[in-house]
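Take a look at the structure set out below.
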Amino acid sequence: MDSITPRERERREHQRRLSETQLLTANEAADFLRLKASTLAKMRCMGGGPKYLRRGRVLYPLAELEAWVAKRLVASTAEYDAPTAA
């Protein structure tokens, strides 16, 4: 019996598809970052989010998303500082 839920199976398949492409849509980027699409949209307007391209629609280079996440990694709460506009 398979212990993976249908939702988890769908999430894994989605992640596999994301890893095969270099440009992600806004919804795919939000999924990758585990944010709501509306949160990512606010970051585009207000600043502080990952860099993106505008080619008829918003696209996020996977490398930019990974760099944005890496920039925010901390080893302890003593290192934590609220994210600033990038």
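Position in the sequence shown (first residue = 1) + 18 = my numbering. Positions of the beta carbon are idealized from the N, C-alpha and C atoms, including for glycine.
Contact the stretch 20-37 vs the stretch 65-79: 3+ CB pairs below 8 Å:
The stretch 20-37 vs the stretch 65-79: no contact.
For the beta strand (DSSP E) that residue 41 lies in, which residues bound it at each end?
Run containing residue 41: 41-43, per the beta strand (DSSP E) assignment.
Leaving out five residues before and five after residue 83 in sequence, what residues of the same chain have Cβ atoms less than 8 Å from its Cβ?
Excluding five sequence positions before and after residue 83, the CB atoms of its chain that fall closer than 8 Å to its own CB belong to 42, 47, 50, 51 and 68, given in chain order.
On the DSSP letters alone, give me the boundaries of the beta strand (DSSP E) that residue 76 sits inside.
Per DSSP, residue 76 belongs to the beta strand (DSSP E) from 76-79.
Beta-carbon proximity check, residue 77 vs residue 40, cutoff 7 Å:
The Cβ atoms of residue 77 and residue 40 do not sit closer than 7 Å to each other.
From residue 95 to residue 24, what distance separates their C-alpha atoms?
If I take the Cα positions, the gap works out to 35 Å.
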